[in-house]
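**Q** After the structure tokens below, expect a handful of questions from me.
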Amino acid sequence: MKLSIHGQSCVMIELENKTRLIIDPFITGNPLSDLKASEVKVDYILITHGHNDHIGDTELIAKNNHALIIANVEISDYFKAKGLNVHGMNLGGGYEFDFGLVKMVRADHSSSYRESSGMTIPMGNPAGFILKLENKYIYHAGDTALFSDMKLFVEDNPIDLAFLPIGDNYTMGPEDAIKACRFLNPHKMIPIHYDTFDLIKQDPTVLKDALPDIVQIPEIGEEIIL
Ligand code: NI
Ligand code: MN
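For the sequence shown, position 196 (counting from the first letter as 1) is numbered 200 according to our numbering, and the numbering increases by one without interruption.
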């Protein structure tokens, strides 16, 4: 499969069979994004939690592509009411989709959505995803603090690729992300959720120096083969 990062927590995945997934499609207003929301072609949209820098352009992309939105039940209900296709999940639950397995796992964070009117809506619990795609395990942590139960995620299966936030302030910073790597022992780790805004500016080379064999820092939009 091919993967690419697009600023903040946005990850695009294209499988061998051409199925395309996007995680946390924050494109409009994302200064790091190389995408145009109106041109994104995907079959599935996965959302970790309700914050605007994660839900992003979900509505437009889902409409344009008749894509299935996979998210917690609160976010799913919100988009279902707008006539979009949804699949609601909750923490600890896994489901075998046509393209592979999606397991929704814990994230220590919060989850609300601010509508353009300024009204804020609670959006259930925040989550991360463990995906099994083409027999590879991918962990997208969403926004989260460090928690030691990450160890449990790898009891049965090793993680081939982990996307971990390193921005600090709202999520783990680089030091806790290094600790998370000790818990997860991923084959590869790609840092996300940093440099998008001043509050989360980070130097990812700190991670690269600490874990040179694990940490990979691709350019925005660069193709990663897994
Ligand atoms: Ni958040
Ligand atoms: Mn965020």
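Cβ atoms here follow ideal geometry from the backbone N, Cα and C, with glycine treated the same way.
Just so we're clear, the structure is a prediction, and the values are computed from it rather than from any experiment.
By DSSP's criteria, Gly177 is part of a beta bridge. Which residues make up the other side?
**A** Answer is none; Gly177 lacks a bridge partner.
**Q** According to DSSP, is Thr163 helix, strand or coil?
**A** The question names Thr, but residue 163 is Ile in the sequence shown. Reduced to three states, the DSSP call for Ile163 is coil.
**Q** Is Tyr198 near the ligand MN, in the sense that its beta carbon is under 8 Å from a heavy atom of that ligand?
**A** no
**Q** So Tyr48 is in the beta strand (DSSP E); what residue range does that whole segment cover?
**A** DSSP places Tyr48 inside the beta strand (DSSP E), whose first and last residues are 48-50.
**Q** Which residue comes first and which comes last in the alpha helix (DSSP H) that contains Ser114?
**A** It is not in any alpha helix (DSSP H) - Ser114 carries neither H nor E in the DSSP assignment.
**Q** Between which two residues does the beta strand (DSSP E) containing Asn76 stretch?
**A** 72-76
**Q** Quick check: is any heavy atom of the ligand MN less than 8 Å from the C-beta of His70?
**A** Result no, Cβ not under 8 Å from the ligand MN.
**Q** Determine the direct distance from the alpha carbon of Asn34 to that of Gln308, and round the result to whole angstroms.
**A** Any answer about residue 308 is impossible in this case: the structure gives the chain only from 5 up to 230.
**Q** What are the boundary residues of the beta strand (DSSP E) that Val106 is part of?
**A** 104-110
**Q** Could you please go through the chain and list the residues whose beta-carbon is closer than 5 Å to any non-hydrogen atom of the ligand NI?
**A** Summarising the contact set, residues whose Cβ lies nearer than 5 Å to any heavy atom of the ligand NI are, in chain order, His55, Asp147.
**Q** Cβ of Tyr141 within 9 Å of Cβ of Asn161?
**A** Less than 9 Å separates the beta-carbon of Tyr141 from that of Asn161.
**Q** Is the region 85-93 touching the region 14-21, taking contact as three or more C-beta pairs under 8 Å?
**A** no
**Q** Quick check on the DSSP output: the beta strand (DSSP E) that includes Ala149 runs from which residue to which?
**A** Counting along the chain, Ala149 falls outside any beta strand (DSSP E), and DSSP gives it neither H nor E.
**Q** Give me the residue from Ile31, His197, Ala66 with the minimum Cα distance to Gly87.
**A** Of the candidates Ile31, His197, Ala66, Ala66 places its Cα closest to the Cα of Gly87.
**Q** Quick check: the Cα distance between Thr200 and Ser121, rounded to an integer number of angstroms?
**A** 24 Å
**Q** Under a three-way DSSP split, which group does Val44 fall into?
**A** coil
**Q** Taking the beta carbon of Arg110 as the centre, do at least 16 other beta carbons fall within 10 Å, making it buried, or is it exposed?
**A** buried
**Q** In terms of alpha-carbon separation, which member of Asp61, Met176, Lys155 lies closest to Ser37?
**A** The residue with the shortest Cα to Cα distance from Ser37 is Asp61.
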